[in-house]
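>
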DNA sequence: CTGTTAGCGCGTTCAA
DNA sequence: TTGAACGCGCTAACAG
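Chains as they are written, first to last, in our numbering: chain A, 598 to 927; chain B, 598 to 927.
In structure tokens:
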């Protein structure tokens, strides 16, 4: 690759002149500018973003850390982040933590070493508090994604888990359900804890069995036992993987939805109208969440002193057969 | 952030000694090393990957360009790439082209400016040949992902579209189908062209109607007409979005699978056994493909002169009700 | 075993 | 309107 010096030599000007036509950072005689432009074309020069970043101490790049690139919800958010980042003419470097606090630490260090201008972080389950304090200490612009921590003074974006879930539950109770169950998953994940809180908000005088924990197999056996008792009329799953567990258990128990039991899920599967049963689902605008995170981060990079903002995007309740086809008053 | 000089000062050694303990690049007295290590801890020093990369002319980072981060197949590949890249202790910078050749050019330039050590590229539909010649000219290590171009002398990874599709078609013909249709999509995309070729391989003396083109609406109306004639006994879709179009058309025509017509798709939807109809699907190991691309790229970075390799991973045919439940001899 | 020094490629004073 | 020169933070000769 040719450097700025090559261009300068060919154009018979100094490198600083080249730099200035490149950045439009001071007036330059049309004639000389033309020579420079020609020289750039001739040499096929492209400026070295590394050297530039080193000099300006600014990389025009942001970092994104998620626990699992593969999980559908995160995949959607990555999509949104990528879009927004591209629109702002920034670069995106991606890392994943695999839900491990140590790996998360390392991922963040790597990104900081690369001098990203800011960081979007979906914290791992047992993320170290020290990580956030470090980010704060170093004044690295940071926005938290998806998993929201009320006590943390950072920009954050997520979905309004609680009210969406409450709405769903109220709807179910309104349809006559009195004994519900929720497969709530790992309650250390704020997102999942919020969804459970939403259930409590909406449950009223009805009864709900909460199945929580990290271990999928354990959840599954609890669910098996519960279904065997046969009193539950509606099951809610708090996430896509949990929905899979629930559906497995229902099948194994010989229960079909909506005929035998109602079912709903937060963040489920891509569905086509031809598939039955169609599942009542709370869908979150994953891509928008990612995009919003970028906006927040960009604003923060621009102004380190603005007040941290917590943004909750609205999830939408999509009612389908798995709840509408079932009558609790059977 | 503190720099290597700060560490040197605190440890009372020269900066080169610090550098050498950092990189283990020459022996250093245990005592001095200890002082350096202590100084590093004390100052909270982390080395600047930018300056390091500038000096070594190597970023330990690779670039990935796909057309659409959101498309499930690509999402899976991104996942695989991220995993493999992390395992090699490299960084990943992600960009997308949105199937536009110009945007693709820009994305690649941006990555090259950032001096990525190599590039993984899922070419856009009408990708400029000039882009590849440029990459070759500049000797940028490159591997092509998913969309394979036989005439191009680069490392490439994709799936064995043709034989997988042929197997599916043979199976259908073996079950008595004589009039098939394939929603083939945009045949400028090598992947889709290969899938169509596979159909031709497997069709034998049976008959197949090919619906191709870029425009989804046009495909849809062709399909509507075809279904109205009612002679087709099996439909194949070449990708997830095409499958959606096909299912829509089938629903609109009041046709159900497997009862009224057989259906299969290359690269379909996540399916749970509870959903009916279950769809016969050719599933590609998206994550493995991404990982393989990284391996190839890493090897090429290590040795610029090795012979370009084209790797085809095996897709697997998953037979389900949408073809097995239908009897062509009805 | 350790230190001094010359750049990597660029942006940006300061002088002219 | 232009150029010379310094330094961002680091690695890698070269010297001692």
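All C-beta atoms in this analysis are idealised placements derived from N, C-alpha and C, irrespective of residue type, glycine included.
#1: Cβ of residue 672 of chain A less than 8 Å from any chain B Cβ?
#2: Which residue from B:847, B:870, B:885, B:832 puts its Cα closest to that of residue 863 of chain B?
#3: Against chain A, does residue 620 of chain B count as a neighbour if the rule is that its beta carbon must be under 8 Å from one of theirs?
#4: From the DSSP output, in three-state form, read off residue 915 of chain A for me.
#5: In the DSSP output, what is residue 842 of chain A paired with across the bridge?
#6: Within the continuous beta strand (DSSP E) that includes residue 739 of chain A, where are the two ends?
#7: Give the C-beta separation of residue 604 of chain B and residue 637 of chain B to the nearest angstrom, bearing in mind that I take them to be a contact with Cβ-Cβ under 8 Å.
#8: Using the rule of at least 16 other Cβ atoms within 10 Å of the residue's Cβ for burial, across every protein chain shown, is residue 753 of chain A buried or exposed?
#9: State the DSSP-derived secondary structure class of residue 619 of chain B, mapped to helix, strand or coil.
#10: Taking a cut of 8 Å between CB atoms, which residues from the segment 641–652 of chain A lie near chain B?
#11: Assuming residue 928 of chain A contacts residue 690 of chain B (C-beta within less than 8 Å), just tell me the rounded distance between them.
#12: Would a check of beta-carbon distances place residue 863 of chain B closer than 8 Å to chain A?
#13: Which class does residue 908 of chain B belong to by DSSP, given the choice of helix, strand or coil?
#14: Taking buried to mean at least 16 other C-beta atoms within 10 Å of its own C-beta, is residue 811 of chain B buried or exposed?
#15: Flag this pair as touching only if the segment 678–685 of chain A and the segment 885–898 of chain A have three or more C-beta atom pairs under 8 Å; answer yes or no.
#16: Determine the chain B residues that contact residue 867 of chain A at a beta-carbon separation under 7 Å, and present them in chain order.
#17: Name the one or two DSSP bridge partners that residue 885 of chain A has.
#18: Which residues does DSSP list as the beta-bridge partners of residue 805 of chain B?
#19: Does the segment 692–710 of chain A come into contact with the segment 873–882 of chain A, if we say contact requires no fewer than three beta-carbon pairs (one atom in each stretch) closer than 8 Å?
#20: Taking the beta carbon of residue 733 of chain A as the centre, do at least 16 other beta carbons fall within 10 Å, making it buried, or is it exposed?
#21: Report buried or exposed for residue 801 of chain A, applying the criterion of at least 16 other Cβ atoms within 10 angstroms of its Cβ.
#22: Going by C-alpha to C-alpha distance, which of A:858, A:819, A:841 sits closest to residue 867 of chain B?
#23: Could you name each continuous beta strand (DSSP E) segment of 3 residues or more that falls completely within the segment 804–837 of chain A, going from the start of the chain to the end?
#24: Can you give me the C-alpha to C-alpha distance between residue 705 of chain B and residue 895 of chain B, rounded to a whole angstrom?
#25: According to DSSP, is residue 920 of chain A helix, strand or coil?
#26: Kindly give me the distance between the Cβ atoms of residue 830 of chain A and residue 849 of chain A, rounded to whole angstroms, as I take these residues to be in contact under 8 Å.
#27: With DSSP collapsed to three states, give me the class of residue 865 of chain B.
#28: Where does residue 879 of chain B fall in DSSP's three states?
#29: Identify the contact partners of residue 870 of chain B in chain A, using a Cβ-Cβ distance below 9 Å as the criterion.
#30: Quick check: is the beta carbon of residue 723 of chain B nearer than 8 Å to any beta carbon in chain A?
#31: Could you pull out every residue in the same chain whose Cβ sits closer than 6 Å to the Cβ of residue 799 of chain A, ignoring the five residues on either side in sequence?
#32: If I measure Cβ to Cβ from residue 756 of chain A and keep anything under 6 Å in the same chain, skipping five residues before and after, which residues do I get?
#33: Can you tell me whether residue 737 of chain B is buried or exposed, with buried defined as 16 or more other CB within 10 angstroms of its CB?
#34: Which same chain residues end up closer than 7 Å to residue 725 of chain B when comparing Cβ atoms and leaving out the 5 residues on each side of it in sequence?
#35: Run through the DSSP bridge pairs and tell me what residue 659 of chain B is partnered with.
#36: Check whether chain A comes within 8 Å of residue 679 of chain B, counting only Cβ atoms and requiring the distance to be less than that.
The relevant details are as follows:
#1: Answer yes: the Cβ-Cβ gap between residue 672 of chain A and chain B drops below 8 Å somewhere.
#2: For residue 863 of chain B, the nearest C-alpha among the options comes from B:832.
#3: No, residue 620 of chain B lies away from the interface with chain A (no Cβ there is under 8 Å from its Cβ).
#4: DSSP, read as helix, strand or coil, puts residue 915 of chain A in strand.
#5: Paired residues: none, contrary to the question.
#6: Taken as a continuous stretch (DSSP letters only), the beta strand (DSSP E) holding residue 739 of chain A covers 739–742.
#7: Sure, about 6 Å apart at Cβ, within 8 Å.
#8: Residue 753 of chain A counts as buried, since no fewer than 16 other beta carbons sit within 10 angstroms of its beta carbon.
#9: DSSP places residue 619 of chain B in helix when its eight states are reduced to three.
#10: Listed by position, the residues of the segment 641–652 of chain A near chain B (Cβ gap below 8 Å) are 643, 644, 645, 646, 647, 648, 650, 651.
#11: Absent from the structure is residue 928 of chain A, since the part of chain A shown begins at 598 and ends at 927.
#12: Cβ-Cβ to chain A under 8 Å: no for residue 863 of chain B.
#13: Strand.
#14: Classification for residue 811 of chain B: exposed.
#15: Contact between the segment 678–685 of chain A and the segment 885–898 of chain A is present, because at least three Cβ pairs lie under 8 Å.
#16: Simply 866, 867.
#17: DSSP, once it has assigned bridges, lists no residue as partnering residue 885 of chain A.
#18: The partner list for residue 805 of chain B (beta bridge, DSSP) reads B:777.
#19: No, the segment 692–710 of chain A is not in contact with the segment 873–882 of chain A.
#20: Classification for residue 733 of chain A: exposed.
#21: Around the beta carbon of residue 801 of chain A, fewer than 16 other beta carbons sit within 10 angstroms, so the residue counts as exposed.
#22: Of the residues A:858, A:819, A:841, the one whose Cα lies closest to the Cα of residue 867 of chain B is A:841.
#23: Taken in chain order, the unbroken stretches of beta strand (DSSP E) that lie wholly in the segment 804–837 of chain A and span 3 residues or more are 804–809, 831–834.
#24: For residue 705 of chain B and residue 895 of chain B, the distance between alpha carbons rounds to 18 Å.
#25: Residue state for residue 920 of chain A is assigned as helix, using DSSP reduced to three classes.
#26: Here residue 830 of chain A is actually not in contact with residue 849 of chain A; their C-beta atoms are around 18 Å apart, not less than 8 Å.
#27: Three-state result, residue 865 of chain B: coil.
#28: Looking at residue 879 of chain B - three-state DSSP - the assignment turns out to be strand.
#29: Chain A residues near residue 870 of chain B: 844, 845, 848.
#30: Residue 723 of chain B has a beta carbon lying at 8 Å or more from every beta carbon in chain A.
#31: Within its own chain, the residues whose Cβ lies closer than 6 Å to the Cβ of residue 799 of chain A, once the five positions on either side in sequence are excluded, are 763, 766, 767, listed in chain order.
#32: Counting only Cβ-Cβ distances below 6 Å, and skipping sequence neighbours, we find 881, 910, 912.
#33: Under this definition residue 737 of chain B is a buried residue.
#34: Taking residue 725 of chain B as the centre and dropping the five residues before and after it, the same chain places the C-beta of 698, 702 closer than 7 Å to its C-beta, in chain order.
#35: Residue 659 of chain B is bridged to B:689, B:715.
#36: At least one C-beta of chain A is nearer than 8 Å to the C-beta of residue 679 of chain B.
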